[in-house]
Amino acid sequence: MIQPAAPSQSDIRHDWSRSEVEALFALPFNDLMFRAHSLHRQYFDPNEVQVSTLLSIKTGACPEDCAYCPQSTRYETGLEPEKLMEVEKVLQQAAAAKSSGASRFCMGAAWRSPKDRDLPYIVAMVKGVRDMGLETCMTIGMLSESQAQTLAEAGLDYYNHNLDTSPEYYGDIITTRTYQDRLETLSHVRDAGMKICSGGIVGMGETASDRAGLLQQLANLPVHPESVPINMLVRVEGTPLAHEADMDPFDFIRTIAVARILMPASHVRLSAGREEMNDEMHALAYFAGANSIFYGEKLLTTDNPEANSDMELFGRLGIRPEQHCVERAPENPSPQFYDAAAASH
Ligand code: SAM
Ligand code: DTB
Ligand code: SF4
């Protein structure tokens, strides 16, 4: 049995050049997969996948113009807007998510940024979900320094805020907030001591170089995001990207593999778009280094695979849901899996 090499500090870099990342994308598929999977084994149990459940706590009527998003008020998508959900209802949903096996509960709001008058409710949601023993995650738009501080004090574990695409392609997708705005929110989240969940969307008509640019930006942050969602565009009728062409599925898998290589100690989440992926595509994504999913029949407003079809596939592939996510600080990887693997052979 060949032992995986031990994790090494030199795997964790923050100085990736665009051409280096593009060169990874250009590798022959098998070479890229081999490299990504080998690194994956050094940092993680390859047979464990972290499972999060998502809930839209405030739906639609968003003033932003993100071209992919069914929740923007600018596009006719037929979505019925809903006000901020009552705290009690959110806690009921979290309890249901916990009993169906989720270890993290992620709450999303269609806001540009939260209003200070909403924060007491948000804080109550975080505290309530935490008290159930679930990890907490929120994605409620741009945060000021003090809002990030308030959420951190409430005990929020993760904040999700995506860079979405490369800096060059970004202006084709969103005009109501800048790339710099997004980077600032991420730095407020980090400074407040929370973990970062940040990734992007592919399949929006971007080039391979744009995908490289997105991952380069994420990997060159001062600390890697602990969680990196890779979303495949969900094409929603009424949005400007509704009729975007299909993306080559292998290019999607390449994006997962390059994310794994660039951020070896981070969880890479196979995020939106799984409804269009068959079992074989899921299996390839897990092999390439994806080790987190959103679980449950709905994402925020669009469909996700049924929970039991995910569990059935886990069973067929010998994958276990990660019990509780013990994040390693990416700057200080601990070779727990390597030790365990070495001890068992
Ligand atoms: N409104 C907040 C914000 O944008 O910061 C939080 C919620 S927003 C829906 C969270 C992320 O979902 C977006 O940044 C985007 O990456 C992803 N997303 C939204 N619509 C999507 C779609 N149609 N397909 C794939 N990903 C999508
Ligand atoms: C992320 O990167 N993807 C999730 C989560 N973070 C909030 C959202 C996907 C949304 C897909 C479209 C929808 O369901 O509205
Ligand atoms: Fe609003 Fe977020 Fe959708 Fe953009 S992605 S339109 S900010 S809900």
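In case it helps, my numbering puts the sequence shown at residues 12 to 356.
Beta carbons are placed, not taken as given, at the ideal position from N, Cα and C, and that holds for glycine.
Indicate whether GLU217 and TYR180 have their beta-carbon atoms separated by less than 8 Å. yes
Looking at VAL279 and ASN302, is the spacing between their C-beta atoms short of 8 Å? yes
Could you please give the first and the last residue of the uninterrupted beta strand (DSSP E) stretch that includes PHE55? No beta strand (DSSP E) holds PHE55; DSSP gives it neither H nor E.
Could you tell me the distance, in whole angstroms, from the CA atom of VAL200 to the CA atom of VAL239? 15 Å
Exposure of PRO74, with buried meaning 16 or more beta-carbon neighbours within 10 Å: exposed
Starting from PRO240 and walking both ways along the beta strand (DSSP E), at which residues does that stretch end? 238-243
So is PHE4 buried or exposed if we call it buried at 16+ other beta carbons inside 10 Å? Since the displayed the chain opens at 12 and closes at 356, residue 4 lies outside it and no answer follows.
Is GLY71 near the ligand SAM, judged by its Cβ being under 7 Å from some heavy atom? no
If contact is defined by three or more beta carbon pairs under 8 Å, each pair taking one atom from either stretch, is the stretch 201-210 in contact with the stretch 244-261? no
Within 10 angstroms of its Cβ, does ASP221 collect 16 or more other Cβ (buried), or is it exposed? buried
Can TRP27 be considered in contact with the ligand SAM, in the sense that its beta carbon sits closer than 7 Å to one or more heavy atoms? no
8 Å CB neighbourhood of LEU244 in its chain, flanking five on each side removed: TYR79, ILE212, VAL213, GLY214, MET215, LEU252, GLU255, MET258, ALA283, GLY284
Taking the alpha helix (DSSP H) that THR70 falls in, what are its first and last residues? Where THR70 is concerned, there is no enclosing alpha helix (DSSP H), given that its DSSP letter is neither H nor E.
Taking MET118 as the reference, give the member of ASP127, ARG128, ALA135 with the closest Cα. ALA135
By the 10 Å Cβ neighbour count, where 16 or more other Cβ atoms means buried, how is PHE261 classified, buried or exposed? exposed
Can you tell me whether ILE207 is helix, strand or coil according to DSSP? strand
Under 8 Å between C-beta atoms of ARG331 and ASN41: no
Starting from the C-beta of ALA108, find all residues in its chain whose C-beta is less than 6 Å away, skip the five residues before and the five after it, and write them out in chain order. THR64, PHE116
ALA219 versus THR189, ARG265, ASP192, residue with shortest Cα-Cα distance: ARG265
Should ALA163 and ALA120 be called a contact, given that it needs their Cβ atoms to be closer than 8 Å? no
According to DSSP, residues forming a beta bridge with PHE298: BP columns for PHE298 are empty, so no partner.
Residues in the same chain with beta-carbon distance under 6 Å from GLY329, minus the five sequence neighbours each way, listed in chain order, please. ASN58
Same chain, Cβ closer than 8 Å to ASP127, neighbours up to 5 away in sequence not counted: GLN158
Should GLN191 be counted as a contact of the ligand SF4 given a C-beta to heavy atom distance under 7 Å? no
Over what stretch of residues does the beta strand (DSSP E) that includes THR150 continue unbroken? 146-150
ARG29 by DSSP, collapsed to three states: which one? helix
6 Å Cβ shell around PHE196 - same chain, five flanking residues per side excluded: Checking the sequence, you will find Thr at residue 196 rather than Phe. So the qualifying residues of the chain are MET153, LEU154, HIS172.
Label ALA340 either buried or exposed according to how many other C-beta atoms from any shown protein chain fall within 10 Å of its C-beta, with 16 as the threshold for buried. Per-residue confidence for ALA340 stands at a pLDDT of 37, beneath the threshold of 50, marking its modelled position as unreliable; no derived number is given.
Assigned exposure category for ALA34 - 16 Cβ within 10 Å defines buried: exposed
When the distance is taken between beta carbons, is PRO178 closer than 8 Å to GLY224? yes
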